[in-house]
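A quick write-up on the structure given underneath.
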Amino acid sequence: MSLPEIEHREHYLNINYGIRSWLLTTDHKRIAWLYLLSVTFFFFIGGLFATLVRLELMTPQGDLVQAETYNKLFTMHGVTMVFFFLIPAIPAVLGNFLVPMMIGARDLAFPRLNLASWYIFILGGAFTLTAAAAGGVDTGWTFYTPYSSIYSNTHVVLTVVGVFVTGFSSILTGLNFIVTIHKMRAPGMTWFRLPLFIWSHYATSIIFILGTPVIAITLVLVGLERIFGLGIFDPALGGDPVLFQHLFWFYSHPAVYIMVLPAMGVVSELIACFSRKRIFGYTVVAFASLAIAVIGFLVWGHHMFVSGQSVHAGMIFSLLSFLVAIPSAIKVFNWTATLYKGSVSYDAPMLYALGFIGLFTIGGLTGLFLATLGVDVHVHDTYFIVAHFHYIMVGGSVMGYLGGIHFWWPKMTGRTYPEGWARLAALIIFIGFNLTFFPQFVLGYIGMPRRYHVYPPEFQVLNVMSTAGASILAVGYLLPLVYLIWSLRYGAVAGANPWGARGLEWQTSSPPPTSNFDRTPVVTEGAYAYEKDPEEIYTFRKPAHV
Amino acid sequence: MKFEPLVSRRTYALVFLTLLVLTALTTAIAFVDLGGGWNNVVALTIAVAKAALVILYFMHVRYSDKLTWVFVGAGFFWLLIMIGGIMDDVRTRPLLSPETAGTAAQSRAR
Amino acid sequence: MSKVEVFRAHHFDDLDQQHAASWIGMWVFLATEVMFFGGMFAGYTVYRYWYPQAFADASNHLDVLLGGINTAVLICSSFTMALAVYSAETSRRKPLITFLLLTIALGLVFLGIKFFEYYTKFEEHLVPGSLFKFEGPLARHAEIFFSFYFAMTGMHAVHMIIGIGLLTALVFQARRGRFSALYHTPVELTGLYWHFVDIVWIFLFPLLYLLGRHL
């Protein structure tokens, strides 16, 4: 039974009904929902591929699928998760919803481009899913040449077209964020009053803009080589496969910061709210976000230590990779300092935020092992790497995403989710995650290579632990799907600010009106002023332009 | 409301003629052996000069705000980072002669 | 509300903000284009460093006269584009349309010459792939040069075609009197795009056509 309070007031969800009003919307909040549904779909597709991978790896023999099929499974898992979930998720869902609201704007700078970016995302996804349905691709999500450009007999072109197209979705999102943050802040919202979520998304957008085009052209060149024989990476002509790797990783390393920076932005918001405190060292954290983005562009060669890259370049990339850890570490220290003497509560979003800090730290520290040239020679292309990046991407980004979804769920839907179930799910996810991926550090260190569907029998115990963990993790991920949908109908009605947070987005109703604020906000104070009342921080002008 | 154009037609014409002259110049010099890799330097310098003229005058950047300058600069700077990083690797690869890079494989009949 | 207010989108406070956002937005997009073409320039740099002789020999098979003419054609088109923007800025509708049409015409001339060049390269068996034939021991490396030639000029041509499409749309809008001193942002932004495509060619010409002429 629907509750009357929500239905009487007009807001962005009920202002228009019907499929056309959703598919032709230019409201950034509705576009965020379109993305939410899409990335959730791709997350479960990617999860399906992962399930098959982990099932195969329960036994040392290759008994579930053939080797070629296994290659396709881990490739499709990577392609789907990286390009169709991790890269878009927080920016296109939470970023789209919140960036205008957090800065006091009525929408993003280019609403129609925003809608176009979603259609482009769907188009790219369609190409990639078609490739999967037609038999998949087996090159690894990294598409290394000359296998991808000459020798593979799978649907490389279809897949790279899908990734290429989706890249433009990223570019448009980044473009929109940069222009919006520069030009559409509300009166009084100066740069250093912005929430750290905005700083993170600005930094992420720099990477979108300067990095994505490089993988775009690189995949075009692979496609041209396959279709027209334009032998740019062909060793038989004197071409250099390592050149492909340079171009590929020039984007794909910064891409991992696309995945983690927005999650860090979420974590800053959550830590502040659930400690009832300003973020310690706000300015430093803001600059650290920019530093991660910039320095992140200088380290790509650490993926290529054993590829034939010169030792000279390897040493430089190794040194820079150590440097890039510093701003991330600064953030972890500052979040921790924020907790100190804070009034900490452990609602589900906070559980995810705390989980992020712990798991990201482990992932980041293992990254330092990998930045160390000598160690990387030993563990490159083993499960150590797999564990490292899953700690960051799943223990980090996915936890950040879930924490953010829970935190802003009341704002987006006007409903609260069941807190008990949410905490349980967070706990299950944390346990399942560690059981899945910690054994993989050990496996990699003792020598199990990645991308193999068979392994020596002595590795089986750890593999079984990992698969068991994966099944627990799957349960943990399914729970929010169920109770969040449930809450849309049966959840308690949420007020404008159920968490008592200080951001501008909480100073308007839940769900918000289409133009976000009935009156233009005027900001007089920085973010996270938890020692003050919201009325002391924001005032509102006469009705805004419509 | 009157809008004053940022750049006069005369300026455009001067820039246009300069661009044509620079094109002729770079083409002519290309046939002269300047020795020691200077042909490269000259050709790129002229190209950069032409691009700068287009950016500053045709694209109005000379009269634009600092934010525009930052974005213009960022794109080209990032490109230099990418080329620089890749070339640093390429130039420091050991004694393996680049000419041997492809000869290990027989030329394939395509 | 003045007549020009009809161009203001509802989420902007005023036309100035909208214009500033659009201008910066276009430059952000052009930054992505720099990196997009840049990937190919990076690859070119690597192989030219490794195979200078092969690249020079291969380059000398290109027609420097046609390349030079095309360079001049594009520079003219940038001039006419700048004048088109000037006309819009000064509310001169007829010159605006004229200069837009001239820019389109010059763009088409460029493409015509380009495709003629492609055709001759095809006839000379210089298109990479199974039909490629090049005398001498540097044939394989020369094939890499031609791969870059076709990839870079081809991508450039695609951008020209898109630009001509944008300009055509502008012509139709200009004929309907959409642009004036008070509002001409689409003309400005298309101008930025067109000039960028010209700049790409300004670099392509010496790198592809001129590198071996002195040898």
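Residue numbers (the working numbering), protein chains in the order written: chain A, 122 to 667; chain B, 12 to 121; chain C, -3 to 211. For each residue, glycine too, the CB sits at the ideal point set by N, CA and C.
Check	Outcome
Which same chain residues, not among the five before or five after Gly525 (chain A), have their C-beta less than 7 angstroms away from its C-beta?	Ile211, Leu215, Val387
Given Leu62 (chain C), which residues of its chain have a CB within under 7 angstroms of its CB, disregarding the five upstream and five downstream residues?	Ile109, Glu113
Using a Cβ cut-off of 8 angstroms (strictly closer), state whether Arg89 (chain C) contacts chain B.	no
With a floor of 3 residues, list each beta strand (DSSP E) that falls wholly inside the region 95 to 170 of chain C, ordered by position along the chain.	none
Mind listing the chain C neighbours of Gly47 (chain B)? Cutoff is C-beta to C-beta under 9 angstroms, in chain order.	Within 9 angstroms Cβ-Cβ: nothing; Gly47 (chain B) doesn't reach chain C, min ~12 angstroms.
Nearest to Pro16 (chain B) by CA position, among C:Leu166, C:Ala177, C:Val2, is which residue?	C:Ala177
Relative to the C-alpha of Met222 (chain A), which candidate in A:Ser587, A:Ile302, A:Ile241 has its C-alpha closest?	A:Ile302
Taking the C-alpha atoms as reference points, what is the distance between Gly245 (chain A) and Phe285 (chain A)?	7 angstroms
DSSP on Thr86 (chain C), reduced to helix/strand/coil?	coil
Starting from the C-beta of Gly557 (chain A), find all residues in its chain whose C-beta is less than 6 angstroms away, skip the five residues before and the five after it, and write them out in chain order.	The amino acid occupying residue 557 (chain A) in the given sequence is Thr; Gly does not appear at that position. Closer than 6 angstroms at the Cβ level, and outside the excluded window around Thr557 (chain A), lie Ser587, Gly590, Ala591, Leu594.
At least one CB of chain B closer than 8 angstroms to the CB of Ser326 (chain A): is that the case?	no
In chain order, which alpha helix (DSSP H) runs of at least 4 residues are fully inside the region 174 to 239 of chain A?	188 to 202, 217 to 224
In chain order, what residues of the same chain lie with their CB nearer than 7 angstroms to the CB of Tyr429 (chain A), ignoring the 5 residues before and after it?	Per the sequence shown, residue 429 (chain A) should be read as Gly rather than Tyr. Closer than 7 angstroms at the Cβ level, and outside the excluded window around Gly429 (chain A), lie Val363.
Tell me the DSSP secondary structure of Tyr566 (chain A) in three-state form.	helix
Note down, in chain order, each residue of its chain lying with its Cβ closer than 6 angstroms to the Cβ of Ala324 (chain A), except the 5 sequence neighbours on either side.	Leu382, Ser410, Leu411, Ala414
Output yes if chain B places a C-beta closer than 8 angstroms to the C-beta of Ile379 (chain A); else output no.	no
Between which two residues does the alpha helix (DSSP H) carrying Pro531 (chain A) extend?	520 to 534
Whose C-alpha, out of A:Ile348, A:Thr487, A:Leu236, A:Pro316, is nearest the C-alpha of Val406 (chain A)?	A:Pro316
How is the beta strand (DSSP E) around Thr641 (chain A) delimited, first residue to last?	640 to 644
Within 8 angstroms (strictly less), CB to CB, does Leu296 (chain A) reach chain C?	yes
What residues from chain A crowd round Gly35 (chain C), counting only those whose CB sits closer than 7 angstroms?	Val335, Ile338, Thr339, Leu368
Do you know whose CA, among C:Trp190, C:Ile140, C:Phe141, lies nearest Ile157 (chain C)'s CA?	C:Trp190
Could one say the Cβ of Gly64 (chain C) lies closer than 8 angstroms to chain B's Cβ atoms, at least one of them?	yes
Quick one, which of A:Ser608, A:Val496, A:Leu440, A:Phe401 has its alpha-carbon nearest Val420 (chain A)'s?	A:Leu440
When you compare each of C:Thr99, C:Leu102, C:Leu97, C:Val30 to Phe199 (chain C) by their alpha carbons, which one comes out closest?	C:Val30
I'd like to know if Thr56 (chain B) contacts chain C, where contact means its C-beta is closer than 8 angstroms to some C-beta of that chain.	no
Taking Cβ-Cβ distances shorter than 8 angstroms, what residues in chain C pair up with Tyr23 (chain B)?	Phe75, Ala78, Leu79, Tyr82
Going along chain B in order, which residues have a C-beta closer than 8 angstroms to the C-beta of Pro182 (chain C)?	Here the premise fails: no neighbours, minimum Cβ distance about 15 angstroms.
From Gly612 (chain A) to Gln628 (chain A), what does the alpha carbon distance come to, in whole angstroms?	21 angstroms
Any beta-carbon of chain B closer than 8 angstroms to the one on Ala27 (chain C)?	yes
Do you know whose CA, among A:Ala543, A:Leu145, A:Ile552, lies nearest Gly479 (chain A)'s CA?	A:Ile552
Using a beta-carbon distance below 8 angstroms, is Thr103 (chain B) in contact with chain A?	yes
At the level of alpha carbons, what is the spacing between Arg119 (chain B) and Ala450 (chain A)?	The predicted model places Arg119 (chain B) with a pLDDT of 30, which falls under 50 and marks its position as unreliable, so this point remains unresolved.
When you compare the region 572 to 585 of chain A with the region 347 to 362 of chain A, are there three or more beta-carbon pairs, one atom per stretch, that lie closer than 8 angstroms?	no
Less than 8 angstroms separating the beta-carbons of Gly417 (chain A) and Ala446 (chain A)?	no
Answer with yes or no whether the minimum CB distance from Leu331 (chain A) to chain B is below 8 angstroms.	yes
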